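Undergrad: Here's a structure for you.
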Amino acid sequence: MKIGLFIPCYMNELYPGASMATLELLEKQGLEVEYPLEQTCCGQPMANTGCTKDMETLARRFVTLFKKYDYVVGPSGSCVSMVRNNYAQFLAGDPDFEALKVKTFEICEFLHDIIKPETFNVSFPYKVGLHNSCHSHRDAGLGAPSERNIPYFNKLEALLAKVDDIELVKLERVDECCGFGGTFAITESAISAFMGTDRINDHLKAGAEIITGADLSCLMHMDGLIRRQGKPLRIIHIVQILNGGDPHGTPRTRR
Amino acid sequence: MGHPELAAKFTQDVERTHWHDKALWFVREKRDRASKSVPEWEALRRMAQQIKTHTMANLDTYLETFEKNAKAKGIQVHWAKDAEEHNRITLQILNLHNAKKIVKSKSMLTEECHLNPYLEKHGIEVVDTDLGERIIQFRKEPPSHIVLPAIHLKKEDVSKTFHEHIGTEEGNNDPTYLTRAARAHLREKFLGADVGITGVNYAIADTGGVVVCTNEGNADLGATIPKVHIASMGIEKIIPRLEDLAVFTRLLARSATGQPITSYTSHFHGPVEGGEMHVIIVDNGRSPILGSEHYSQALNCIRCGACMNTCPVYRRSGGFSYEATIPGPIGSTLEPCKNLAKHKTLPYACSLCASCSNVCPIRIDLHHQLYFHRQDVVKAGLLDKKKERALGFAGWLFQHPKVLDFCGKMARKVVPFLPRWMMYTSMNAWGEHREMMDFPEKSFKELYVERQKRKQS
């Protein structure tokens, strides 16, 4: 079984640590993982804005690069959901895409549903707030959305339950959007920042020291606000916790 | 101004923005409790979606059946292709009865048709009898929410307005006192009215009657005290059978306010004794939506407002920031369907969090619709040119990995050493509220290649 490692473009450039943790975590499960060097972006920024031409080109490019793998796994529910849900507009019925769609997974979902490890043999002795990012939670289906009347489940919580010494804090609003939203963060920057600040304050009020989640884009947005406002919080991608990493990104003082 | 500018203005009053957010979140939480008290909630949602979708697919038949059955009950049925025709028909009916004083219960359709200013221009007094509507009518404001029209106002604001218009004590902010004063004021208006106008929540094809849901009973007084009742409805308000109604009444109030049912669910199946009842069926831009590829489900909306209460953007930007009759997620898809150029910022007033699609009692794919509207904006050439060029460049870059790698490398070398004044300029929208990311020394790809080389050696 060969896994194609799908690293979102911004993670490749800005978060090599979390990207490497993804690779290591998969390898620790005894999996053969390959990172296709030609990969760039799944096309979400264009899709998000409505630029279909560029989006279609990038969608076709993605399918060509990844179709040969048994599974495609990436550390972002948002980008994975982009491939699974939004490519269909151009590629529905294309045999390569239809095959790829059902074997493309967000890494936590992949571990939870397919690999099912008993334990990760790691400890993370911190008070942690879980950010259920919208595309992971509602579009990729990693948890039961609070709006719905369906039996409760949360794949991220289920994996974190296998980590020693971790304490998950209880938030007031369990799955409210942080306001990142891709280009929304720029287009509607005032609302975006307001939403992010409200999320951060919910985590702080709940006593969190660290915010984690399956989408670094949301965490990156909140981190920018945390550091601007000098709040005592840090962010870490969930794969880094599962891979035995330490919290990083100590609050930086303003230059 | 578009939504981003108006939203930014709204958030400048931080305390009030928090208050607005919390007031609506309180309603969302009530709705959560109410919906979770119904074990078959999700099945009800699916059933409602199926009934509506079926009805919309056979709309012509159901509308004609409704007309036939309504006429048999002595109701006069009128057809209006647009707002102008709706208003003209209304005025004709009023003139026929020499009516000068009108009481009107809550109706987003008459809001959409701008009926009040039209009638006022013709010397007719229109009194909105829904408490929230009356408050904003005094203030000459449009509703900021479709179910809670005065949700943008605090009780202090209401007290001041009532003091100015109906002479309540200055500074008395007691809600019970204010509501009693409004009740007394409205009672006079009901008793003196020549004609009552109501909206319609459901028109039942099989019975030829209409159903109006309110919490204040104001539609009942308006429709029964005067001898003439005019009910205005959009073509999409039709449901096939009386049995179908229960599906919607179980969903509507729970979704809207978290109540099991509205205080009044009133059936009007004919004129009052010796009076007249009219139903005006209005299209006003709905037919094209019905025939559209991506947006037809939007016509299934039952106007519960749950998408507004849950929308994290609406809660923090207020209804007026949408500059539309219907704000929030459902308005952001309906309004661009009718006038894309005017409402081009609305599809982007959304982080695509999908809470609306999950809260919607009719399972309307709201966030997908906003996603597709963005494609329409680009196709129509309405996207900001700077943004289009930037994304075009990014799109090109993403097809040229070597150039992309080079640009990334340069950025990682340069950005960490830029002084603050060069980094945080007005060009940097990210940095307006946030610190920039820490740029690492190497990209993952560089680390990966080095790691592969080490493995091979």
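Just so you know, the protein sequences line up as chains D and G, in that order. Using our numbering, you'd call the opening residue of the first sequence number 1 and step up by one each time. Using our numbering, you'd call the opening residue of the second sequence number 1001 and step up by one each time. Even glycine gets a Cβ: it sits at the ideal position worked out from N, Cα and C. A quick note: this is a predicted structure, and the numbers were derived from the prediction, not measured.
What does the alpha-carbon distance come out to for the pair Arg138/D and Gln1456/G?
TA: To locate residue 138/D, count along the first sequence from 1; it is residue 138. To locate residue 1456/G, count along the second sequence from 1; it is residue 456. Cα to Cα, the separation comes out at about 42 Å.
Undergrad: Label Ile1135/G either buried or exposed according to how many other C-beta atoms from any shown protein chain fall within 10 Å of its C-beta, with 16 as the threshold for buried.
TA: Within the second sequence, residue 1135/G is the residue found at index 135, counting from 1. Ile1135/G is buried by the Cβ-count criterion.
Undergrad: Can you tell me which of Cys218/D, Pro45/D and Glu157/D puts its alpha carbon nearest to the alpha carbon of Ile200/D?
TA: Working through the first sequence from its first residue, we reach residue 200/D at position 200. Ile200/D has its Cα closest to that of Cys218/D, out of Cys218/D, Pro45/D and Glu157/D.
Undergrad: Determine the burial state of Ser123/D: buried for a count of at least 16 other Cβ atoms within 10 Å of its Cβ, exposed for fewer.
TA: Within the first sequence, the letter at position 123 stands for residue 123/D. Looking at its Cβ environment, which holds fewer than 16 other Cβ atoms inside 10 Å, Ser123/D is exposed.
Undergrad: Please list, in chain order, all residues of the same chain as Cys41/D whose beta carbon is under 8 Å from its beta carbon, the five residues on each side excluded.
TA: Start at 1 with the first residue of the first sequence, and residue 41/D comes out as number 41. Hits under 8 Å: Pro8, Cys9 and Leu58.
Undergrad: With DSSP as the reference, label Val1313/G as helix, strand or coil.
TA: Locating residue 1313/G in the second sequence gives position 313, counting from the first residue. Residue state, collapsed to three classes: helix.
Undergrad: At the 8 Å Cβ level, is Ala1354/G part of the contact set with chain D, yes or no?
TA: Residue numbering aside, residue 1354/G sits at position 354 when the second sequence is read from its first letter. So yes, Ala1354/G belongs to the interface.
Undergrad: Short of 6 Å in beta carbon distance, which residues of its chain neighbour His1269/G, apart from the five on each side in sequence? Order them along the chain.
TA: Residue numbering aside, residue 1269/G sits at position 269 when the second sequence is read from its first letter. Around His1269/G: Lys1073 and Gly1209.
Undergrad: Is Phe194/D close to chain B, meaning its C-beta is less than 8 Å from at least one C-beta of that chain?
TA: The structure shown has no chain B; the protein chains it does contain are D and G.
Undergrad: Here's a check: name, in chain order, each residue in its chain whose Cβ is nearer than 8 Å to the Cβ of Cys51/D, leaving out the five neighbours to either side.
TA: One-based indexing of the first sequence puts residue 51/D at position 51. So the list is empty, once near-sequence residues are dropped.
Undergrad: Mind listing the chain D neighbours of Leu1477/G? Cutoff is C-beta to C-beta under 8 Å, in chain order.
TA: In this structure chain G extends from 1001 to 1457, so residue 1477/G is not present and cannot be described.
Undergrad: Report the rounded CA-to-CA distance for Gln1369/G versus Thr1333/G, giving the unit in angstroms.
TA: Within the second sequence, numbered from 1, the residue matching residue 1369/G stands at position 369. Within the second sequence, numbered from 1, the residue matching residue 1333/G stands at position 333. Looking at the two C-alpha atoms, the distance is approximately 6 Å.
Undergrad: Take Ser136/D and list the residues in its own chain whose beta-carbon comes closer than 7 Å to its own, dropping the five residues that flank it on each side.
TA: The residue you call residue 136/D lines up with position 136 of the first sequence. Closer than 7 Å at Cβ, skipping near neighbours: Gly77, Ser78, Glu106, Leu142, Ala214 and Asp215.
Undergrad: Could you give the C-beta distance for Ser1317/G and Ile191/D, rounded to a whole number, given that I count them as a contact under 8 Å?
TA: One-based indexing of the second sequence puts residue 1317/G at position 317. One-based indexing of the first sequence puts residue 191/D at position 191. Rounded, the Cβ-Cβ distance is 6 Å, consistent with contact.
Undergrad: Got a sec? Which residues, its chain only, sit under 6 Å from Asn132/D by beta carbon, not counting five neighbours each side?
TA: Taking the first residue of the first sequence as position 1, residue 132/D is located at position 132. Within the same chain, Asn132/D has close Cβ partners Gly143 and Asp175.
Undergrad: Taking C-alpha atoms, which residue in Arg1451/G, Gly1196/G, Thr1214/G and Tyr1118/G lies nearest to Val1147/G?
TA: By 1-based counting over the second sequence, the position of residue 1147/G is 147. That would be Thr1214/G, whose Cα lies nearest to the Cα of Val1147/G.
Undergrad: Looking only at its own chain, which residues have a Cβ that is under 7 Å from the Cβ of Tyr267/D, when we skip the five neighbours before and after it?
TA: The question about residue 267/D has no answer here: the residues shown for chain D are numbered 1 through 255.
Undergrad: Starting from Gln1513/G, follow the beta strand (DSSP E) in both directions and report where the run begins and ends.
TA: Because residue 1513/G is not part of the residues shown, which for chain G are 1001 to 1457, the question remains open.
Undergrad: Looking at C-alpha atoms only, which residue of Val1014/G, Ala1099/G and Phe1398/G is the closest neighbour of Glu38/D?
TA: Counted from its first residue, the first sequence places residue 38/D at position 38. Nearest of Val1014/G, Ala1099/G and Phe1398/G to Glu38/D, Cα basis: Phe1398/G.
Undergrad: Could you tell me whether the Cβ of Ser146/D comes closer than 8 Å to any Cβ of chain G?
TA: Your numbering for residue 146/D matches position 146 in the first sequence. Closer than 8 Å: yes.
Undergrad: Unbroken alpha helix (DSSP H) runs of length 4 or more, entirely within the segment 1139-1204 of chain G: which are they?
TA: As far as the segment 1139-1204 of chain G is concerned, its whole alpha helix (DSSP H) runs of at least 4 residues are 1155-1166 and 1175-1191.
Undergrad: Under 8 Å between the Cβ atoms of Lys1101/G and Gly1234/G?
TA: Taking the first residue of the second sequence as 1, we reach residue 1101/G at position 101. Taking the first residue of the second sequence as 1, we reach residue 1234/G at position 234. No; because the gap between Cβ atoms is not below 8 Å, this pair is not in contact.
Undergrad: Closest Cβ-Cβ distance between Tyr69/D and chain G: below 8 Å?
TA: The count along the first sequence starts at 1 and reaches residue 69/D at position 69. So no, Tyr69/D is outside the interface.
Undergrad: Under a CB-based cut-off of 8 Å, is Thr1017/G close to chain D?
TA: As a first step, residue 1017/G is located in the second sequence; it is residue number 17 there, counting from the start. Yes - at least one Cβ of chain D is within 8 Å of the one on Thr1017/G.
Undergrad: If distances are taken between C-alpha atoms only, which option among Asn1058/G, Glu1085/G, Leu1131/G and His1018/G comes closest to Met195/D?
TA: Position 195 of the first sequence, counted from the first residue, corresponds to residue 195/D. Here the closest residue by C-alpha is His1018/G.
Undergrad: Express the C-alpha separation of Arg1454/G and Leu65/D in angstroms, rounding to a whole number.
TA: Within the first sequence, numbered from 1, the residue matching residue 65/D stands at position 65. Within the second sequence, numbered from 1, the residue matching residue 1454/G stands at position 454. One C-alpha to the other measures close to 25 Å.
Undergrad: Kindly say whether Trp1421/G, judged by its beta-carbon, lies nearer than 8 Å to any beta-carbon of chain D.
TA: On the second sequence, position 421 is the one that residue 1421/G refers to. For Trp1421/G, the answer is no, since every Cβ of chain D falls outside 8 Å of its Cβ.
Undergrad: Could you list which residues in chain D have their beta carbon closer than 7 Å to that of Leu1404/G, in chain order?
TA: Position 404 of the second sequence, counting from 1, holds the residue named residue 1404/G. The answer, in chain order, is Thr40.
Undergrad: Could you check how far apart the C-beta atoms of Asn1358/G and Val1027/G are, in whole angstroms? I think they sit under 8 Å.
TA: The sequence position of residue 1358/G within the second sequence is 358, counting from 1. The sequence position of residue 1027/G within the second sequence is 27, counting from 1. Wrong, their Cβ atoms sit about 16 Å apart, outside the cutoff.
Undergrad: Taking 8 Å as the threshold (beta carbon to beta carbon), is Val1359/G in contact with chain D?
TA: On the second sequence, residue 1359/G is found 359 positions in, with the first residue counted as 1. With 8 Å as the cut-off, Val1359/G counts as an interface residue toward chain D.
Undergrad: How many Å lie between Thr187/D and Gly1167/G at the Cα?
TA: The count along the first sequence starts at 1 and reaches residue 187/D at position 187. The count along the second sequence starts at 1 and reaches residue 1167/G at position 167. Between Thr187/D and Gly1167/G, the C-alpha separation is close to 45 Å.
Undergrad: Given Leu1109/G, which residues of its chain have a CB within under 7 Å of its CB, disregarding the five upstream and five downstream residues?
TA: For this step, residue 1109/G is matched to residue 109 along the second sequence. So the list reads Gly1199, Ser1232, Met1233, Gly1234 and Val1282, once near-sequence residues are dropped.
Undergrad: So with Cβ pairs under 8 Å, would you call Asp54/D a contact of chain G?
TA: As a working note, residue 54/D is residue 54 in the first sequence. It does: the Cβ of Asp54/D has a partner Cβ on chain G nearer than 8 Å.
Undergrad: Closer than 7 Å: is that where the CB of Gln1049/G sits relative to any heavy atom of the ligand MG?
TA: Ligands displayed in this structure: none; no statement on the ligand MG is therefore possible.
Undergrad: Apart from the five residues just before and just after Glu1156/G, which ones in its own chain have a Cβ nearer than 8 Å to its Cβ?
TA: Counting from one through the second sequence, the residue named residue 1156/G turns up at place 156. Here the set comprises Asn1173.
Undergrad: Span of the alpha helix (DSSP H) holding His1086/G?
TA: Indexing the second sequence from 1 puts residue 1086/G at position 86. From DSSP, the alpha helix (DSSP H) with His1086/G extends over Ala1083 to Leu1096.
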